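In terms of the working numbering, the sequence shown opens at residue 6 and continues consecutively. Just so it is clear, CB atoms sit at the ideal spot from N, CA and C, and this is done for glycine as well. For clarity, every value in this text was computed on a predicted model and none was experimentally measured. Down below is the structure, laid out as C-alpha cells.
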Amino acid sequence: MGKSLADFIRAARSQIREIDCDTLEDWLRSRDDVLVVDVRESSAFLEGHLPGAIHVPRGYLEALADPDYGHCHPELAIARDRVVVLYCDGGARSALAAVTLQEMGFTEVYNLGGGINVWDAEDKPVVS
Numbered sequence: 006m007g008k009s010l011a012d013f014i015r016a017a018r019s020q021i022r023e024i025d026c027d028t029l030e031d032w033l034r035s036r037d038d039v040l041v042v043d044v045r046e047s048s049a050f051l052e053g054h055l056p057g058a059i060h061v062p063r064g065y066l067e068a069l070a071d072p073d074y075g076h077c078h079p080e081l082a083i084a085r086d087r088v089v090v091l092y093c094d095g096g097a098r099s100a101l102a103a104v105t106l107q108e109m110g111f112t113e114v115y116n117l118g119g120g121i122n123v124w125d126a127e128d129k130p131v132v133s
C-alpha cells in the first residue's frame, strides 16, 4: 500500500519546527527579519490573511522560491537566511511547504501550528 496524505504530513512534521500563534505575534512585534508566507490558494488569501503576509501558493512554491527562476517571488527568493514562517488553513500544507523550503536551503523555516484557523480562533488580527 502506498503512502497516505496523513503519512506525508506526519513525516513532514517530524522534520520541521512549529511555532504557536503567540510566538509569531511576539516575533512580528519585536523582530524585523520575519517573513510570513501564506501558502493557500488565491481566493483564501483574498478572504483574509495574516498582517504583512506574502502570498505564495503551495503549488508554485518551488518556482517562486528559486532565485534562478525568471518569475520568482522577489521577497521569498532572497529570504534563505531570514526567518520564514509558513501557514495555511490548518497547518498541513504549510508543513509540507516547510520541508520543501528546507530542502531548497532555507535555514530558518517554521510552520504556524494550526494555521490561520487557530490564529483566527485566538482572535489575532487578520487583513481582508
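**OP:** Please report the residue range of the beta strand (DSSP E) in which residue 89 lies.
**Re:** On the sequence shown, residue 89 is found 84 positions in, with the first residue counted as 1. Start and end: 88-92.
Subject >> Exposure label - residue 76; buried when at least 16 CB within 10 Å >> reply: In the sequence shown, the residue the question calls residue 76 occupies position 71. Exposed.
**OP:** For residue 43, name the three-state secondary structure that DSSP assigns.
**Re:** Here the question's residue 43 lines up with position 38 in the sequence shown. In the structure shown, residue 43 sits in a strand (DSSP, three-state: E or B).
Subject >> Completely contained alpha helix (DSSP H) runs for the stretch 37-85, where each covers 4 or more residues >> reply: 47-52 and 66-70
Subject >> Same chain, Cβ closer than 7 Å to residue 39, five either side skipped, listed in chain order >> reply: Within the sequence shown, numbered from 1, the residue matching residue 39 stands at position 34. The residues are 32, 33, 88 and 90.
Original post:
Under the three-state reduction of DSSP, which class applies to residue 24: helix, strand or coil?
Top reply: Here residue 24 refers to the residue found at position 19 when the sequence shown is read from its first residue. Residue 24 falls in the strand class under three-state DSSP.
**OP:** Note down, in chain order, each residue of its chain lying with its Cβ closer than 8 Å to the Cβ of residue 14, except the 5 sequence neighbours on either side.
**Re:** Position 9 of the sequence shown, counted from the first residue, corresponds to residue 14. Only 97, 100 and 101 meet the Cβ criterion.
Original post:
Is the Cβ-Cβ distance between residue 23 and residue 118 less than 8 Å?
Top reply: Taking the first residue of the sequence shown as 1, we reach residue 23 at position 18. Taking the first residue of the sequence shown as 1, we reach residue 118 at position 113. It is a contact, given that the beta carbons lie within the stated cut-off.
Original post:
Cβ of residue 134 within 8 Å of Cβ of residue 21?
Top reply: Nothing about residue 134 can be reported from this structure: the residues present for the chain run from 6 to 133 only.
Subject >> Through-space distance from residue 30 to residue 79, alpha-carbon basis >> reply: As a position in the sequence shown, residue 79 is number 74, starting the count at 1. As a position in the sequence shown, residue 30 is number 25, starting the count at 1. Answer to the nearest angstrom: the Cα atoms are 24 Å apart.
Subject >> When 65, 121 and 112 are compared against residue 92, the one with the closest alpha-carbon >> reply: For the purposes of this step, residue 92 is taken as the residue at position 87 of the sequence shown. Out of 65, 121 and 112, 121 has the C-alpha closest to the C-alpha of residue 92.
Original post:
What are the start and end residues of the alpha helix (DSSP H) that includes residue 104?
Top reply: Residue 104 sits at position 99 when you count from the first residue of the sequence shown. Element bounds for residue 104: 97-108.
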